[in-house]
Structure formats: structure tokens, C-alpha cells
Amino acid sequence: MTIAFEVQEKMRHMLRLAGLVLVTLTTAANMCRASAERRDGTAIIIPKSACSVVDLAARELQYYVEKATGIKMPILVEASAPETAAKRIYLGATKAARNVGIDPARLPRDAYHIRTSGDVAYLVGGDGAGDPIGSSLATPVGTLFAVYDVLDNDLGIRWLWPGESGEFIPKHAALKIKDRSETVLPRFRFCGLRTGRPEEIRWMRRMRMHDADGMGYGHSFEKWGEKYFAEHPDWFEMDSKGVRHPGKSMCVSNPGFHKQIVENWWAEQQKHPGFRTIVNICENDCPGACCCPNCLAWDGPTPPWPRPTPYDNVHNVAQRYARFAMAVLKLAREHDPNAEVVSYAYTNMVFAPSGVTLDKNVIMGYVPDVFFPRTPEMHEWVHRQWMGWTNAGASLFLRPNYLLHGYCMPVNWTRQLAEEFQLFETHGMIGTDFDSLTGMWSTMGLSLYVLGRLHVKPRLPVDQILDEYHSAFGPAAKQVKAYWDYWERHLQKHIDVHKDGLWHYVRYPEHVEKRFPLES
């Protein structure tokens, strides 16, 4: 019993010593960290009443600088910031920024200005008052984009996918922002991938994605049948037997229909003076199929074959919808000379229009349902239709369904996607709207990362972006590259069964064994 008691006492003594050592080491570590912070002396300064955008920008800057350098910069409110903070990074609408002539009110939404002067830096953006990473990209976040610019270009940080596991953070001795004084405008009027998940919206923000004021669009006549069909059946699709139907496509050559669209739009405009909205004339989620004599008379010539699926056996109504857009724009300009209309080049409307001149205020969402991988002939056909629309005078944004592809097997069509994006970007692309970000990061992660980086730097060589992704895996970089290269070769080698990507997601269980046999 005595021996056992002595052993217990010795163990208690050892535990007390261990605890004392642990406390001492922890205190020393904290002192070292505090010392490092004091030695660096950099502080993040925000306005007294910082909006949510600036608050998030400050936290993101603080977090990533600490991860990269080990230095935790304090976040201080401008009015109470001590003079001892010799190095300062001013975020948002501070008095200090205004004193050197940087006025955020003069910056467009999502634009930003970065200026360095000795040990002082100013990161100021066109910000909004809403949630920067809520359920959409609606809030302007210029100051946040300025921070991501610094993290990207000065620290080399990359975000391969959402969450901490997707972060690549190189080590640095300290943050040094390159000397510059520049205003950076958004490359696109609006751009993004469709999702409602905050973690993916945060990832898109890091890829500088954003909305635009007044750009509400989508299938716009789906409820018109219950409201107008009884009194105005002539506004709705006529079938080949001469019968009108609600709930399908519209009779887009009908002047009364045009007039009602503009009246509805203008009535909404009057409710929000000073805020311009676009006239949404996007057709319902179906082909344009009205067979009335006037609509048929508006149609152009039959496009030549061969055409890729799903356009091989459809009637071309692109010219009809181009004329529809111009007719509505003309009426809208009677109310507002700067009015814009938005429509879709979708289904049998996708063909390059002929014999019609469009206006830059006709904004077309290009929806080419020719999924990847493509044969060279299919690839060229899709690009030729884009060029036809832009050469006709319209402003185009890319509105594809490509990202509905994939599901639970790996796909890699990154190079074809990048080639298309860069071609369109150099030929008039004003924005993007990808349907949808489905969260398949393990099977589509490489393509999604490249797509994100192209939104930041549209003309960055794709091989450089691929190297960014692969090298982030460190010692496993070669194996990761080999993995994705294998699946790229697989898709190209079996393009006959993979090329109809539309059915890849519509009937995935029926086709997956054919597309991915066990031996693959």
C-alpha cells in the first residue's frame, strides 16, 4: 500500500510538472506570436460603420495572411486605430482613402482601386449593403475583390474547391503588396455559376464572380396562359392544325403581344424610379413552334447539314426570334432610349440568324446544348453559331447547361471548355451564366477550377491554369495530372458514346455503363 501511494504521488508530481511545462510553452508561443505581430506592425483599418462586404474582406485578409506568413494583423476601426500601427492597409470607404482622393462612390459596382504609398495601402471598392455570400451574387463586393486580388497576385493563394481542404497557401515571410495605383473594372457585366450554397458562393467570389443591376431574365411567359389566353389566344403558339395552345411557345410575330410585354415592363419600371431593368423576352423552356403564317414568314433559310445533336432535325426559328427582339426593343425605346431586351438563343433558336441586323442592346443568352466532349466538327459548329449572332450585332452572354454533366463518374473536357471560353471572350462575350454548380468537385473539379480561373484571367494560357491545379497537390502533382489526363484521353477515345452529353445527365443510369465500361 505504501509503495502504491508513493507511485501515485510521483505520478501526480510528474503531471503537475507536465502541466507547468505546457503552460510555459503555450505562454512562450503566444509571446512569440505577439512579438511577431509587433515586429511586423501591420494593421487592417476599416471604417467606423463598415458594411458586411468590408467586414468579410478584413477577415479574409487577416485569415490568409496569417496562414501564409504566421503574422496575425489586427483589424482596427479607423477612428480608434493607434498611431503605433506604422504599416496600414485601409479597406473600404475610410476617411484616409477619401483624403488621398479615392472615392468609392465613383467606382462602379464590383470595381475596385488599389493604391500603395510607402507602408500604406488602400483597397477600396464599389460595395453594396447586402450579404456578400448569402444565397446569390447580388451584392456588389468591390473591396472584397480587391482583397482577393492581393491574395491571388501577391501571395499566390489558390482556391481549388470550396472549403479549407481546397486551399493552396504558399508560405511567405510577410505580406508585400506590389507598388501600384490602379482601378480594376469587372471584366464581365455579370458572371457566375448557378448555386444557392454559401460555401460555393464564397468560392465564386474568390473567382471574382458577380451579378449586374437590373439583369433579371429567364423563361418569361410561363404564366401568361392563365392571365391572357382567354382574351388573347392569338398571342400563343398555333400548331400545324391551326389550333392555339397556352403553356408552350408564343406567337412572337404578334404586335399586340409585343405591346403587352412593353406595357408590363414599363409599369414595373415606374415602381422603381431611377433603377433600370431589362425587358425580359426569353421564350419558355421549349422550342419556338408557332406555325401561324406570320411567324413562318419571319423565318430564315434552312441551315445546312450536318448539324450536331440535338439540332439535326429541327426547324430554324432564329431569325424569327431576332426580329421579335428588335420589334420589342423599338417599342421599349419609346419609353426609354437606352432600353435593353434579353432573349435566349436556345433550342431551335440557336442557329446564327441571317438577313437581320441586331442592336447591341439586344442581349442574347447563348445556350448551345452540344455537350462535351465534341468532335472537331461539332466544336466548330457551336462556335460558328456564336459568331453569327455577334456578327449580326447582338451582345452575347454564355448560358450553357454543360455543368449538369458528370454526376458520379470522372469527366475531363477542360481543354475544349477553355478553348471555347477564350474564343467567346475575345469575340464579344459580356457575361456568363452556367447551369449549374452541382457540387461534383471530385468528378469535375479540374474543369470547375479552370472555369473559375478563366473568369479571373480570361486570357491566361490553359496549361498555366492546369499547372496551378496540379502543383497544388505537392508531391502528388504528377499522379494527379496523370489521373486527369487519363480521363481526358478516355473521353476523346470514346467520343462516339460520350458526345451526346445532353443524355448523359437526362438519362444517366441508362447510359453510364456504356460510357464507362468496367475495363475503363
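So the sequence shown is numbered by our numbering: it starts at 706 and just counts up by one.
For glycine and all other residues, C-beta sits at the position ideal for the given N, C-alpha and C.
How far does the alpha helix (DSSP H) with Val825 in it reach, from first residue to last?
-> Not the alpha helix (DSSP H): Val825 falls in the beta strand (DSSP E), residues Val825 to Gly830.
Can you tell me where the beta strand (DSSP E) with His818 in it begins and where it stops?
-> Note, His818: beta strand (DSSP E), Tyr817 to Ser822.
Within the same chain, show all residues whose beta-carbon is closer than 7 Å to that of Glu927, passing over the 5 residues directly before and after it, in chain order.
-> Apart from sequence neighbours up to five positions away, the residues of its chain that approach Glu927 with a beta-carbon distance below 7 Å are Asn989, ordered along the chain.
Find the nearest neighbour of Asn1021 within the set Ile882, Asp836 and Ala1050, judged by alpha-carbon distance.
-> It is Ala1050 whose Cα lies nearest to the Cα of Asn1021.
Quick one: Cα of Val846 to Cα of Pro752, how far?
-> Each residue's Cα considered, the two are about 15 Å apart.
CB-CB length for Pro1105 against Val1072, believed under 8 Å = About 6 Å separates the two Cβ atoms, so the contact holds.
Measure the C-alpha to C-alpha separation of Val782 and Gly830 and round it to an integer number of angstroms.
-> Roughly 18 Å between the two C-alpha positions.
Where Thr1119 sits in the DSSP three-state scheme | Helix.
Terminal residues of the alpha helix (DSSP H) in which Ser1048 lies | Looking at the DSSP string, Ser1048 is not in any alpha helix (DSSP H); the run it does join, the beta strand (DSSP E), is Val1046 to Ala1050.
Return the bridge partner residues of Val782 from the DSSP annotation.
-> Residue pairing by DSSP places Val782 opposite Ile751 in a beta bridge.
C-alpha distance - Val1217 paired with Pro1180, whole-angstrom precision = One C-alpha to the other measures close to 33 Å.
In whole angstroms, what is the alpha-carbon distance linking His877 and Phe895?
-> Distance between the alpha carbons of His877 and Phe895 is about 34 Å.
Where Ala755 and Met1031 are concerned, what is the direct C-alpha to C-alpha distance, given to the nearest angstrom?
-> Whole-angstrom Cα-Cα distance: 44 Å.
Please go through the same chain and pick out, in chain order, the residues whose beta-carbon is closer than 8 Å to the beta-carbon of Tyr853, but skip the five residues on each side of it.
-> Cβ contact annotation for Tyr853 (same chain, cutoff 8 Å, sequence separation greater than five): Glu765, Arg910, Arg911 and Arg913, in chain order.
When DSSP labels each residue in this structure, what does Leu1085 get in the three-state scheme?
-> For the record, residue 1085 in the displayed sequence is Glu; it is not Leu. Helix.
Who are the near neighbours of His950 in its chain, counting only those whose CB is closer than 7 Å to its CB and skipping five residues on each side?
-> Cβ neighbours of His950 beyond the five flanking positions: Phe941, Glu942 and Asp944.
Tell me, please, which residues DSSP counts as bridged to Phe941.
-> Beta-bridge partners of Phe941 (DSSP): Met955.
Buried or exposed for Thr1007, please, with buried defined as at least 16 other CB atoms from any protein chain shown within 10 angstroms of its CB.
-> The residue is exposed, with fewer than 16 neighbouring Cβ atoms inside 10 Å.
Using 8 Å as the threshold, is the stretch 863 to 878 in touch with the stretch 919 to 934, meaning 3 or more CB pairs across them?
-> The way I'd put it, the stretch 863 to 878 doesn't touch the stretch 919 to 934; fewer than three beta-carbon pairs between them come closer than 8 Å.
Close-in-space but distant-in-sequence residues of the same chain around Leu842 (CB under 7 Å, 5 per side omitted) = Taking C-beta separations shorter than 7 Å and ignoring five residues to either side along the sequence, the partners of Leu842 in its chain run Gly897, Ile906, Met909, Met914, His915 and Asp916, following chain order.
Evaluate His1203 with the Cβ neighbour count: other Cβ atoms within 10 Å of its Cβ, from every protein chain shown; 16 or more gives buried, anything less gives exposed.
-> Classification of His1203: buried, given that the 10 Å Cβ count is 16 or more.
Can you tell which of Asn1018, Glu1130 and Pro1011 has its C-alpha closest to the C-alpha of Pro1081?
-> Residue Pro1011 is the option with its Cα nearest to Pro1081.
Between the Cα of Gly952 and those of Cys995, Glu973 and Gly921, spot the shortest distance and give me the residue it belongs to.
-> The shortest CA-to-CA distance from Gly952 to any of Cys995, Glu973 and Gly921 is the one to Cys995.
CB-CB length for Ala802 against Ala748, believed under 8 Å | With 8 Å as the limit, Ala802 and Ala748 do not qualify as a contact, their Cβ atoms being about 15 Å apart.
Which residues share a DSSP beta bridge with Glu931?
-> Per DSSP, Glu931 has no beta-bridge partner at all.
When the Cα atoms are used, what is the spatial distance from Trp971 to Pro1078?
-> Rounded to whole angstroms, Trp971 to Pro1078 spans 43 Å at the Cα level.
Less than 6 Å between the CB of Thr1062 and some heavy atom of the ligand MN, yes or no?
-> Of the ligands one can find in the structure shown there are none, so the ligand MN has no counterpart to examine.
By Cβ distance below 8 Å, which residues in the same chain neighbour Asn999 in space, the five residues on each side in sequence not counted?
-> Counting only Cβ-Cβ distances below 8 Å, and skipping sequence neighbours, we find Cys956, Ser958 and Asn959.
Leu1196: buried (16+ other C-beta within 10 angstroms of its C-beta) or exposed?
-> That one is buried.
When burial is assigned at 16 or more other CB atoms within 10 Å of the CB, is Cys1113 buried or exposed?
-> Sixteen is the threshold: since fewer than 16 other Cβ atoms of the shown chains lie within 10 Å of the Cβ of Cys1113, the residue is exposed.
CB of Ala1023 within 7 Å of CB of Met1069, strictly | Inclusion of Ala1023 and Met1069 in the CB contact set at 7 Å is not warranted, their separation being larger than that value.
Nearest to Leu1159 by alpha carbon, out of Pro978, Gly1060, Thr1119 and Ala798?
-> Checking every option, the nearest Cα to that of Leu1159 belongs to Thr1119.
Residues of its chain near Asp1140, where Cβ-Cβ distance is below 6 Å and the 5 sequence neighbours each way are ignored = Take Asp1140, set aside five residues on each side of it, and the residues of its chain with a beta-carbon closer than 6 Å to its own are Arg899 and Asn1106, in chain order.
So is Thr1095 buried or exposed if we call it buried at 16+ other beta carbons inside 10 Å?
-> Thr1095 is buried by the Cβ-count criterion.
Quick one: what's got a C-beta closer than 6 Å to Glu1224's C-beta in the same chain, skipping five residues either side?
-> If you ignore the 5 residues before and after Glu1224, its C-beta comes within less than 6 Å of no other C-beta in its own chain.
Counting pairs of Cβ atoms below 8 Å between the stretch 879 to 890 and the stretch 1171 to 1186, do you hit three or more?
-> Cβ pair count under 8 Å is below three, so no.
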